[in-house]
Every structure is written in C-alpha cells, then in structure tokens.
Amino acid sequence: MTDLDTILAAGQALATVHAAVDQVISAALYYGPGVLVTAAAVAAWRTGQWTVRCHGQWLHDRADRRAYTARAFRLCRVADSADAVMAIPADDLNHYLDNKLAATPDLAPEEGR
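Going by my numbering, the letters in the sequence shown line up with residues 828 to 940, in that order.
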C-alpha cells in the first residue's frame with residue numbers, strides 16, 4: 828500500500844463520515860430532536876449488547892485457552908513417559924508391556940451379555 832492509497836482511503840472514510848453526519852442533521856431538522864434522542868438510545872443499547880457479547884466471548888476464549896494448555900501439558904507428560912518407556916531395551920520393554928497388560932482389567936463384555 829502506498830502513501831497515495833492511504834490518502835485516498837482516508838478521503839473515502841472522511842466522505843462516508845461526512846455523509847452520515849449530513850443525514851443525521853437532515854433527519855434532525857426534518858423530524859425534530861426526538862430522532863436524535865432515539866438514535867442515541869439505540870446506539871447506546873447496541874453498543875452495550877456488543878460489549879456484553881464480546882466480554883462473554885473473551886471469557887469463553889480464556890477458558891478454552893486454559894483447557895488447551897492443560898491438555899497440552901498432559902500430552903507432553905504422556906510423550907515424556909512414552910520416550911522413557913521406549914528407551915528401555917527391547918527384551919525389557921516386552922517384559923514391561925506384558926506386565927502392564929496383565930495388570931490391566933479386561934473391560935470387554937463377556938459372551939452372552
């Protein structure tokens with residue numbers, strides 16, 4: 828983006844704001860000051876709703892980040908344990924895994940159930 832593009836974009840933004848202000852002034856002159864009060868009340872209400880929604884989303888994102896961090900920590904611990912187990916020589920590893928299998932309860936349903 829060049830400086831000329833920046834100047835053109837700023838000019839367009841200024842023209843948009845000028846048109847909006849012109850419409851507000853025209854509406855106030857045509858309909859009276861009540862339209863300004865109504866527009867201000869609607870704008871304040873919408874801003875309040877947006878703020879509440881954004882704050883709620885921020886809390887939700889924070890909870891997600893905390894859960895993600897905790898899960899990542901647990902996965903790193905599992906990976907470290909797996910690295911430690913895989914560092915065991917092959918014969919000892921087979922013996923270790925056989926002992927783990929023997930100590931694990933069989934959760935498969937029995938036949939007929």
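Even for Gly, the Cβ is constructed at its ideal location relative to N, Cα and C.
| field | Helix, strand or coil at Thr931 according to DSSP, with G and I counted as helix | value | What you label residue 931 is simply residue 104 of the sequence shown in a count that begins at 1. If DSSP states are grouped into helix, strand and coil, Thr931 belongs with coil.
| task | Could you tell me whether the Cβ atoms of Val912 and Leu902 are closer together than 8 Å? | result | Within the sequence shown, numbered from 1, the residue matching residue 912 stands at position 85. Within the sequence shown, numbered from 1, the residue matching residue 902 stands at position 75. For the 8 Å CB-CB criterion, Val912 and Leu902 do not form a contact.
| said: Does Ala911 come out as helix, strand or coil in the three-state DSSP assignment? | reply: For the purposes of this step, residue 911 is identified with residue 84 of the sequence shown, where counting begins at 1. Three-state DSSP puts Ala911 in a helix.
| request: Indicate whether Val945 and Ala855 have their beta-carbon atoms separated by less than 8 Å. | output: What is shown of the chain runs 828 to 940, which leaves residue 945 out entirely.
| query | Can you name, in chain order, every residue of its own chain whose Cβ lies under 8 Å from the Cβ of Ile915, other than the five neighbours on each side? | reply | As a working mapping, residue 915 is identified with position 88 in the sequence shown. Excluding residues within five positions, the ones whose Cβ falls inside 8 Å are Tyr923.
| query | What are the boundary residues of the alpha helix (DSSP H) that includes Gly838? | reply | On the sequence shown, position 11 is the one that residue 838 refers to. In this chain, the alpha helix (DSSP H) harbouring Gly838 covers Asp830 to Tyr858.
| request: Work out the CA separation of Val851 and Leu886 for me, nearest whole Å. | output: Here residue 886 refers to the residue found at position 59 when the sequence shown is read from its first residue. Here residue 851 refers to the residue found at position 24 when the sequence shown is read from its first residue. Put simply, the backbone Cα of Leu886 is about 36 Å away from that of Val851.
| task | Could you check the C-alpha separation between Tyr895 and Val905 for me, to the nearest Å? | result | Taking the first residue of the sequence shown as 1, we reach residue 895 at position 68. Taking the first residue of the sequence shown as 1, we reach residue 905 at position 78. Their backbone Cα atoms lie some 15 Å apart in a straight line.
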